[in-house]
Each structure stands twice: as C-alpha cells, then as structure tokens.
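First residue of the sequence shown? That's 1 in the numbering used here, and the numbers climb one at a time after it.
Glycine included, each C-beta is placed from N, C-alpha and C at the ideal position.
Worksheet for the structure shown next.
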Amino acid sequence: MRNPSFETGMDRILRRRIGAGQRVGLVSHVAAMTRKGFTAAEAWYRRSDSHLSALFSPEHGYFGSAGAGEAIRSIRFPHWQIPLHSLYGARQEPSPAHLRGLSLLIFDLQDLGARCYTYLSTLVGVLRAAARARLPLIVADRPIPLPYLPDGPLLDPRFASFVGLAPVPMATAMTPAETALYLQKVWDLNVDLEVVPMRGWPRTPYRGPDWPPWVPPSPGIRSWESAACYLATVFTEAVPTVTCDRTGLLPFQVFGAPWIKAPEVIPMLEAAHLPGVAFHVHPFRPNTGPWAGRLLSGVRLVITDPRRFRPVRLSVFILATLQKQYGKNRLWANARPDFFDKLYGTDEVRLALLDGDPPAQIARRWEPGLRRFNHLRSSILLYRPA
Numbered sequence: 001m002r003n004p005s006f007e008t009g010m011d012r013i014l015r016r017r018i019g020a021g022q023r024v025g026l027v028s029h030v031a032a033m034t035r036k037g038f039t040a041a042e043a044w045y046r047r048s049d050s051h052l053s054a055l056f057s058p059e060h061g062y063f064g065s066a067g068a069g070e071a072i073r074s075i076r077f078p079h080w081q082i083p084l085h086s087l088y089g090a091r092q093e094p095s096p097a098h099l100r101g102l103s104l105l106i107f108d109l110q111d112l113g114a115r116c117y118t119y120l121s122t123l124v125g126v127l128r129a130a131a132r133a134r135l136p137l138i139v140a141d142r143p144i145p146l147p148y149l150p151d152g153p154l155l156d157p158r159f160a161s162f163v164g165l166a167p168v169p170m171a172t173a174m175t176p177a178e179t180a181l182y183l184q185k186v187w188d189l190n191v192d193l194e195v196v197p198m199r200g201w202p203r204t205p206y207r208g209p210d211w212p213p214w215v216p217p218s219p220g221i222r223s224w225e226s227a228a229c230y231l232a233t234v235f236t237e238a239v240p241t242v243t244c245d246r247t248g249l250l251p252f253q254v255f256g257a258p259w260i261k262a263p264e265v266i267p268m269l270e271a272a273h274l275p276g277v278a279f280h281v282h283p284f285r286p287n288t289g290p291w292a293g294r295l296l297s298g299v300r301l302v303i304t305d306p307r308r309f310r311p312v313r314l315s316v317f318i319l320a321t322l323q324k325q326y327g328k329n330r331l332w333a334n335a336r337p338d339f340f341d342k343l344y345g346t347d348e349v350r351l352a353l354l355d356g357d358p359p360a361q362i363a364r365r366w367e368p369g370l371r372r373f374n375h376l377r378s379s380i381l382l383y384r385p386a
C-alpha cells in the first residue's frame with residue numbers, strides 16, 4: 001500500500017529544523033538521498049539557519065565510486081570549499097582536529113545491516129570519536145533490505161578488523177540508528193547520542209514507491225536486490241576461484257566459475273530446502289578478473305521471501321555444495337583464509353567446512369550466540385513488522 005508519509009531520518013531532521021544554529025559535521029555520501037532528490041549534504045548546505053562545516057566519507061568515498069579496499073584521500077569538497085575528510089585511508093575515524101570547531105556531528109549513510117560492509121565499522125569510529133570529543137551525535141535512520149532475521153556467527157574478538165568491529169552477527173537485521181543504540185548499550189558508551197527514526201516504515205524489506213531515489217552506496221551494490229544478496233556471496237572476496245559478478249549487471253546475485261555447472265549445483269541447493277530463496281541457471285560474462293569476457297554457467301539467487309531468507313546460512317550451503325561436488329582443492333585454491341575469517345568473524349566456519357562438516361550443523365553452532373544477541377536487540381528495536 002502506498003504510504004505518502006514515509007520519511008527517512010534525514011528528511012525528518014530537515015523538516016523539523018533540527019540543528020539550527022549549529023556548526024555541523026556530516027558523515028555521509030551521495031547514496032544518502034532525501035525525498036526531494038537532494039543528497040543529505042546538499043540539503044544541509046542549502047540551509048540558511050545552520051552551517052555545514054565539514055564532510056566525512058566512508059569506504060568507496062563520498063561519491064561512492066572507489067573500489068573495495070581502495071584508500072581514499074581527504075580533499076576540499078568541490079564548489080563548497082569545505083573539508084571532505086576520508087574515514088577510509090590514513091584514518092578510519094574522525095580525529096580531534098577534524099572535530100575542532102564543530103558543535104554537532106550527524107551520521108547518515110545508506111547501510112546494509114551487514115557487519116562486514118564497512119559502514120558499520122565507520123559508525124563505530126564515529127561513536128567513539130564523538131564520545132571522546134564530548135560532541136553531540138545524531139544518527140539519521142534509513143531502511144535496510146533484510147530487517148527481520150539476524151544471521152551468522154557473532155564476532156570473535158580475535159578476528160576483529162575493519163570488516164568486523166562490532167559484537168554483532170554478520171547479518172544484524174538492525175538499521176543504522178538501531179545499531180548505534182545497540183552499541184551504546186552493550187559498550188556503555190558515554191556519548192551524547194540522539195537517533196532520528198524514520199516515519200512510516202513498518203519494518204518492511206520492500207522498497208516503497210515514495211522512497212527517495214536509489215543511489216548505489218558502493219560500486220557493487222547497484223540495487224536493493226544486490227544489497228539483500230550481499231552476505232550470501234561476499235565470501236568470493238576471499239575465495240577467488242568463484243566470482244559473484246561484482247562489476248557486472250547482477251553483482252552478488254549470481255555466482256559462477258569455469259568449473260561450476262549450474263545444472264549440477266542447483267538441484268543440490270534445492271534439496272536443502274533453504275527458506276526464502278530460489279535458484280536459476282544464469283549464464284554471464286564477468287567484466288573483470290581472470291575470466292573476463294568468458295561465458296560462465298552461473299547460478300542466480302532470487303529472494304522469494306525476505307522475511308525468512310538467511311544469507312549467511314545460504315553462503316555456507318553454497319560453499320559446502322561446491323566443495324562436495326568439485327573438491328576442496330578446486331574451491332580453496334588461492335583462497336585468502338585470513339580475510340575469510342575476518343569476513344565471518346571467526347575461523348570456525350572455514351575450519352568446519354574443510355573438515356567436511358554438514359552445513360546445517362555449522363549453522364546450528366552459531367544459534368546460541370544469535371539467541372543472546374536477539375535478547376539484547378529486541379530491547380532497542382525502533383520499528384515493528386507490519
């Protein structure tokens with residue numbers, strides 16, 4: 001049903017004139033769009049009752065075009081001549097010098113609700129920096145594609161890195177504002193935090209017709225569907241024998257390799273009866289990598305019920321299926337085990353796969369941690385399902 005009253009947290013901030021008279025630092029990017037089609041930064045710059053003094057950008061840069069892992073340098077923002085501080089390069093959180101002279105810090109990023117998507121780690125750094133500087137922080141909220149079921153192992157502190165800093169599962173099922181409240185609670189952060197929730201969002205995984213325009217928050221997240229499938233195939237970043245067509249038309253929604261035959265793999269995945277997802281043969285040609293231009297027999301993921309879909313569980317079934325059908329050596333050749341463990345926040349998943357443990361058994365091992373997480377998560381949720 002059309003809901004004309006939907007507003008992001010940023011839309012509500014602007015309408016309510018929150019921050020009037022303040023010297024504002026804004027952590028944002030071009031994917032943070034308002035209902036009127038402005039970026040959050042442009043909307044703030046146009047305000048006559050406050051001063052946008054500094055911008056801060058996450059991985060992929062303010063303009064969202066830098067590649068994964070590409071260091072971003074700080075610059076003067078074009079036309080406005082204000083500093084644009086990179087939080088993905090020499091520094092990964094604002095420095096005291098960056099915050100000097102500001103009276104308010106605002107965080108507004110289009111996140112995915114995924115621990116290893118580094119915007120969550122950027123939020124961690126911003127929370128810590130605001131606490132140290134005793135600077136008020138507002139987190140403006142936005143929807144995420146999978147807001148129902150947390151999934152995957154909790155972070156083992158031994159594997160903490162910038163692709164996993166927070167004590168949460170891989171799929172958090174929390175919006176940015178909910179994540180900020182959760183971290184403030186579990187870490188007992190002494191930070192002057194205000195969250196501005198969305199209006200008219202009934203915890204739905206479906207994009208509404210009156211939402212702000214979709215702008216990719218990074219080159220590989222071209223669509224809402226790619227965002228929803230991200231955690232199911234992000235393992236390919238550490239297992240390069242398989243590609244998820246990251247630079248193609250359906251990034252993270254397909255996977256393949258010259259040695260994978262989709263008609264063999266799909267029946268094996270279907271036999272697992274994984275809820276909320278279907279599989280289709282989908283030939284594709286990668287644009288980059290060792291198989292650029294080569295036609296691969298790909299498997300396409302289609303989320304049929306996002307309320308039941310568990311992407312991390314699916315990723316383990318995909319890996320176990322490929323290993324069973326084609327062998328460990330073929331799957332794990334040239335793998336980056338250290339990075340794989342950082343993505344999953346533990347080495348238990350990789351080691352269990354190599355031991356040949358059944359994927360359902362591997363997933364069951366993270367259920368006790370998920371139950372503990374859900375107990376805390378339920379106390380800070382801002383929205384209830386329709």
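- A direct Cα-to-Cα measurement between Thr-8 and Ser-74 gives close to 28 angstroms.
- For His-51, the enclosing beta strand (DSSP E) begins and ends at 51–57.
- In this structure, the alpha-carbon of Pro-286 lies about 9 angstroms from that of Cys-244.
- Taking the Cβ atoms as the reference, Arg-203 lies roughly 5 angstroms from Pro-385, within the contact range of under 8 angstroms.
- Under DSSP, Thr-243 takes part in a beta bridge, and its partners are Gly-256.
- Taking the Cβ atoms as the reference, Phe-235 lies roughly 10 angstroms from Leu-331, outside the contact range of under 8 angstroms.
- A direct Cα-Cα distance of roughly 25 angstroms separates Gly-327 from Pro-153.
- Inter-segment contact for the region 310–319 and the region 217–232 is present: three or more beta-carbon pairs are separated by less than 8 angstroms.
- Within the region 158–187, the complete alpha helix (DSSP H) segments of 4 residues or longer fall at 176–187, listed in chain order.
- Looking at the DSSP output, Ser-28 shares a beta bridge with Asp-108.
- For the set Ser-103, Ala-171, Ala-140 and Arg-377, the Cα lying nearest the Cα of Leu-112 is the one of Ala-171.
- Under DSSP, Phe-279 forms a beta bridge with Leu-301.
- For Gly-152, the enclosing beta strand (DSSP E) has its first and last residue at 151–154.
- In the pairwise beta carbon analysis, the region 371–385 is classified as not touching the region 346–363: fewer than three pairs are separated by under 8 angstroms.
- Counting of Cβ neighbours within 10 angstroms places Lys-342 among the buried residues, the total reaching 16 or more.
- Beyond the five residues adjoining it in sequence on each side, Trp-259 comes within less than 7 angstroms, by CB distance, of Tyr-326 and Arg-330 in the same chain, given in chain order.
- Approximately 6 angstroms separates the beta-carbon atoms of Ala-133 and Pro-96; this is inside 8 angstroms, confirming the contact.
- Taking the Cα of Phe-162 as reference, the smallest distance to any Cα among Leu-123, Pro-275 and Pro-358 is reached at Leu-123.
- Following the DSSP letters along the chain, one finds Ile-266 in no beta strand (DSSP E) but inside the alpha helix (DSSP H) bounded by residues 262–270.
- Within the model, the alpha-carbon separation for Ser-50 versus His-85 is close to 20 angstroms.
- Per DSSP, Pro-136 is not a residue of any beta strand (DSSP E), being assigned neither H nor E.
- Rounded to the nearest angstrom, the gap between the Cα atoms of Asp-192 and Val-126 is 12 angstroms.
- Linking Ile-18 to Arg-47 through their CA atoms gives a straight-line distance of about 11 angstroms.
- When the Cα atoms are used, Pro-169 and Cys-116 turn out to be separated by approximately 10 angstroms.
- Residue environment: Leu-354 is assigned as exposed (fewer than 16 neighbouring CB atoms within 10 Å of its CB, all protein chains considered).
- For the set Pro-147, Ala-363, Pro-167 and Leu-137, the Cα lying nearest the Cα of Met-174 is the one of Pro-147.
- Cβ contact annotation for Ser-297 (same chain, cutoff 8 angstroms, sequence separation greater than five): Gly-256, Ile-260, Lys-261, Ala-262, Pro-263, Val-281 and Pro-283, in chain order.
- Arg-142 has its alpha-carbon roughly 18 angstroms from the corresponding atom of Phe-63.
- For the options Arg-76, Gln-323, Glu-194 and Arg-307, the alpha carbon positioned closest to that of Ile-144 is the one of Arg-307.
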